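Trainee: Here it is, the structure in full.
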Amino acid sequence: MIIATAGHVDHGKTSLIARLTGVDTDRTAEEKRRGLSINLGFAYLPREDGLPLGFIDVPGHHRFINNMICGVSGIDRGLLLVAADDGPMPQTIEHLDVLRLLGVPELTVALSKIDRASEAQREAVAGSIRDLCRERDWANSPVFPLSNVTGEGVDALQTHLLNLPDGTRGDHQQHCFRLAVDRAFHLKGSGLVVTGTVSAGSVSTGDTLRLEPGRRDVRVRTLRVHDGAAEHAIAGQRCALNLTGEVALENVNRGDWLVGSEAAPASSRIDVSCTLLPHAPFPLKHMAPVKLHVGARRMAARLALIDASRIAPGEEQLAQLLTAEPAACARDEHFLLRDDSGSVLLGGGVVVDPLGEMPRRPRLRHSERIKAMQAHTVADALAARIALDEPVDLERFAGSCNLTTTVSATLQSDLAREYTQDGKRWLVSESRWRSVREALQNGVAAYHRARPQEPGMKVSELTAPLRGASPEHLLMAVLGEMIGSGRFTLKEGRVALADFKQRVSTQDEQAWYAIKQVLNARGEHIPLFSELTDATGLDQAMLKAVIRDKLKAAQLHRVSERRNALPEHLLKLAQGILRVAERGEAITVITVKNEWSAGRNLTVEVLEYFDSIRFTQRRENERVVLDANLPQRLYSG
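Residue 583 is where the sequence shown starts when you use my numbering, and the numbers rise one by one after that.
So this is what it looks like as structure tokens:
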């Protein structure tokens, strides 16, 4: 259980912590001299169950509000102090607003300095406090009158706090470790030490963690939980980690995040639900500059509104925070917004997706994605994302929800189809899968109707018109399933319906007959394309179309850009080379030319073709046979 103080300066926060725990949290000489807290202070109160209460004492002066915000991030309960002789003051109001915006679930109120106030004053101030709490959804917050001077009422408050339920979180095994660094220092003999409250997951000595931003790897040498040596720490506990690695003290800042090695990287786009306080002094326009407080970090950002051009005081809007530096946020983490100068608290909200994507048109889809991620549980969020009929990248979704690798591996849905493409796991709704399958089926069928003489449709031609509506990985996954199930056939990069029979037109048959007549008449003296055109009398477009079809069907083989040959003629030419080799003659252009009784140009082109198919290999001015059986296998099928 982590409890943070809150309240106006000089209302007795530090004195009360000293009364409760025996620890004076004002430790610096300046704090002692000025009599006010400047930085965060820490103290612990043992409990019988062995789980001590951790106290974070925050400064009350408005000049140190950034330190106060850092201290109350991720706490379980607020302890608000209001002096009975003073009543609620400006910092009382601001601290209450900070606690509410940061989602602090419970609040206890200490009405301090009762030794300086009359009974009437006490009752009036207590009433004012209850009104303030009621306005901020803490209507049932208990109020404990007390005096730090006389000790009156302190025991009752202490008993109340000691009887509070444990603040550790039971879901720590599902999430990656997260800790926002609020202190970093060098301890003689140990080295770098960082402290903070574990907001998610768990950590053990020996674990490798990552310091963000910057993706710097560190290892946990030792750790302490609530000021006692320990081997493990879990969500809800305050701990100190002694770290080793390539990180020096000067490279660690308040607000850095220590995260598990499996956690998603920091991002500069954060999808959020944002609320302005009802008493915020002005509205915010789309892309307004703000100061963002998240975890223990403060940074510049811009507020990009999703569904509106402005957000007014008291309104809630979906937005994307564009941060000046990467932020390692987590889903459901609370944040605050101050004006660009950092002097006025404007509002805050909840992180919906820490891995926000650049919005694409239509912006409505981005809004729907954010709303889906607002679902209460991970399972509900996944179901809502699937219901959008968009493929869900499971690795990215797990990163957005800060899930461990073990948990993310079990993500599944009865409402979706899972597929793996390029090493990534995806989920997509059955309805979307069916619609893509239908689109592919219709595309191939239409192609067959338009071009029945073609053996099939190129994969790139099939998927190109569908890429605007469906990502490539989904198209290829569905196409693979259709080929595997026998709906489609795939041959030489062309897709066809399983029952498709290629139709050859009478005109094509006549053209092919004419081509074969010329080729057979020339035999091994393979004609040029221009000679074939002249001899057949076919126009070039028709001739090229028929040759293309016959090359796909392996009824012709392309020797060069200028010549195409029947397989039986190439077999005879190859046999001529084998005869030269059997006689022990060198296989040269001259010997082969003489064997074939062919011209030099034809001889060179055919020899280079045989080299390309690895029947022969050129070695300087001669050739050697690499595979004597290849021509028989290739041309006798």
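From the three backbone atoms N, C-alpha and C, an ideal C-beta is built for every residue, glycine too. Just so we're clear, the structure is a prediction, and the values are computed from it rather than from any experiment.
Kindly indicate which residue of Leu-1022, Ala-912 and Phe-1082 has the alpha-carbon position closest to the one of Arg-978.
Mentor: It is Ala-912 whose Cα lies nearest to the Cα of Arg-978.
Trainee: By Cβ distance, which residues of its chain are closer than 6 Å to Gln-899, with the 5 residues on each side in sequence left out?
Mentor: Same-chain partners within the cutoff: Cys-856, Leu-887, Ala-890 and Ile-893.
Trainee: Keeping to the same chain, check which residues put their C-beta closer than 7 Å to that of Asp-679; ignore five residues upstream and five downstream.
Mentor: Closer than 7 Å at the Cβ level, and outside the excluded window around Asp-679, lie Leu-859 and Leu-927.
Trainee: Using 10 angstroms around the beta-carbon of Asp-838, count the other beta-carbons present and answer buried if the total reaches 16, otherwise exposed.
Mentor: The residue is buried, with at least 16 neighbouring Cβ atoms inside 10 Å.
Trainee: Quick check on the DSSP output: the beta strand (DSSP E) that includes Ala-766 runs from which residue to which?
Mentor: Taken as a continuous stretch (DSSP letters only), the beta strand (DSSP E) holding Ala-766 covers 765 to 769.
Trainee: Please list the segments of the alpha helix (DSSP H) lying wholly inside the stretch 682 to 747, counting only runs of 4 or more residues, in order along the chain.
Mentor: Runs of the alpha helix (DSSP H) inside the stretch 682 to 747: 701 to 717 and 736 to 744.
Trainee: Report the start-end ranges of each beta strand (DSSP E) in the stretch 982 to 1069 that is 3 residues or longer and not cut off at the edges.
Mentor: You should have 998 to 1003 and 1006 to 1011.
Trainee: So Val-725 and Ala-708 are in contact, right, with Cβ under 8 Å, and what is the actual spacing, rounded?
Mentor: That belief holds up - the Cβ atoms of Val-725 and Ala-708 are roughly 5 Å apart, short of 8 Å.
Trainee: In this structure, how does DSSP classify Gly-1105 when only helix, strand and coil are distinguished?
Mentor: Gly-1105 falls in the coil class under three-state DSSP.
Trainee: When DSSP labels each residue in this structure, what does Arg-1161 get in the three-state scheme?
Mentor: In the structure shown, Arg-1161 sits in a helix (DSSP, three-state: H, G or I).
Trainee: Tell me, please, whether the stretch 1151 to 1161 touches the stretch 1211 to 1218 by the rule of three or more beta-carbon pairs shorter than 8 Å.
Mentor: The stretch 1151 to 1161 vs the stretch 1211 to 1218: in contact.
Trainee: Check whether the Cβ atoms of His-590 and Met-650 sit closer than 7 Å, and answer yes or no.
Mentor: For His-590 and Met-650, no; Cβs fall outside 7 Å.
Trainee: Could you tell me which whole beta strand (DSSP E) segments of length 3 or greater appear in the stretch 848 to 885?
Mentor: Listed in chain order, the complete beta strand (DSSP E) runs (minimum 3 residues) inside the stretch 848 to 885 are 849 to 858 and 870 to 876.
Trainee: Would you call the stretch 736 to 748 and the stretch 863 to 880 in contact, with 3 or more CB pairs under 8 Å?
Mentor: No, they do not touch.
Trainee: Alpha carbon to alpha carbon, how far is Leu-1022 from Asp-971? Give it in angstroms, no decimals.
Mentor: So the two alpha carbons sit approximately 17 Å from each other.
Trainee: Among the residues of its own chain, which have a CB less than 7 Å from the CB of Gly-1038, if the five just before and after it don't count?
Mentor: Once the five neighbours on either side are set aside, the close Cβ partners of Gly-1038 are Lys-1073, Arg-1076, Val-1077 and Ala-1078.
Trainee: If you measure between the beta carbons of Arg-760 and Val-841, is that distance less than 7 Å?
Mentor: Yes, these two residues count as a Cβ contact at 7 Å.
Trainee: Would you tell me roughly how many angstroms separate the C-alpha atoms of Lys-1006 and Leu-831, rounded to the nearest one?
Mentor: Between Lys-1006 and Leu-831, the C-alpha separation is close to 38 Å.
Trainee: Note down the Cα distance separating Val-829 from Ala-699, rounded to an integer number of angstroms.
Mentor: Cα-Cα distance, rounded: 53 Å.
Trainee: Quick check on the DSSP output: the beta strand (DSSP E) that includes Phe-1082 runs from which residue to which?
Mentor: Premise fails: Phe-1082 is in no beta strand (DSSP E) and is neither H nor E.
Trainee: Who pairs with Phe-624 in a beta bridge, going by DSSP?
Mentor: For Phe-624, which the question treats as bridged, DSSP gives the partners Ile-638.
Trainee: Ordered along the chain, which non-local residues of its own chain (more than five positions away) have a Cβ less than 6 Å from that of Leu-1148?
Mentor: Hits under 6 Å: Leu-1101.
Trainee: Residue range of the alpha helix (DSSP H) that Leu-602 falls in?
Mentor: Its alpha helix (DSSP H) spans residues 595 to 603.
Trainee: What distance in whole Å lies between the Cβ atoms of Gly-733 and Ala-665, which are believed to be in contact at a cut-off of 8 Å?
Mentor: Rounded, the Cβ-Cβ distance is 16 Å, inconsistent with contact.
Trainee: Could you pull out every residue in the same chain whose Cβ sits closer than 7 Å to the Cβ of Ile-1097, ignoring the five residues on either side in sequence?
Mentor: Same-chain partners within the cutoff: Leu-1114, Thr-1118 and Val-1128.
Trainee: Could you tell me the distance, in whole angstroms, from the CA atom of Glu-1164 to the CA atom of Ser-1194?
Mentor: The alpha-carbon atoms of Glu-1164 and Ser-1194 are separated by roughly 22 Å.
Trainee: If you draw a straight line from the alpha carbon of Ala-811 to that of Cys-821, how long is it in whole angstroms?
Mentor: Roughly 10 Å separates the two Cα atoms.
Trainee: May I ask which residues mark the beginning and end of the alpha helix (DSSP H) holding Asn-1176?
Mentor: Element bounds for Asn-1176: 1171 to 1178.
Trainee: Quick one: grab the DSSP three-state call for Cys-652.
Mentor: Here Cys-652 sits in helix by DSSP.
Trainee: When you compare each of Arg-797, Thr-790 and Asp-592 to Thr-804 by their alpha carbons, which one comes out closest?
Mentor: Answer by Cα proximity: Thr-790.
Trainee: Could you have a look at Asn-1203 and say whether DSSP puts it in helix, strand or coil?
Mentor: Coil at Asn-1203, not helix or strand.
Trainee: Name the DSSP beta bridge partners of Val-785, please?
Mentor: DSSP lists Ala-815 as partners of Val-785.
Trainee: With DSSP as the reference, label Asn-824 as helix, strand or coil.
Mentor: If DSSP states are grouped into helix, strand and coil, Asn-824 belongs with the strands.
Trainee: Kindly indicate which three-state DSSP category Gly-589 falls into: helix, strand or coil?
Mentor: Of the three classes helix, strand and coil, the one that applies to Gly-589 here is coil, per DSSP.
Trainee: Relative to the C-alpha of Val-932, which residue among His-948, Gln-1157, Pro-941 and Ile-952 is closest?
Mentor: Cα-wise, what sits closest to Val-932 is Ile-952.
Trainee: Note down, one range per segment and in chain order, each beta strand (DSSP E) of at least 3 residues found wholly within the stretch 908 to 967.
Mentor: List check, beta strand (DSSP E) in window: 916 to 920 and 927 to 935.
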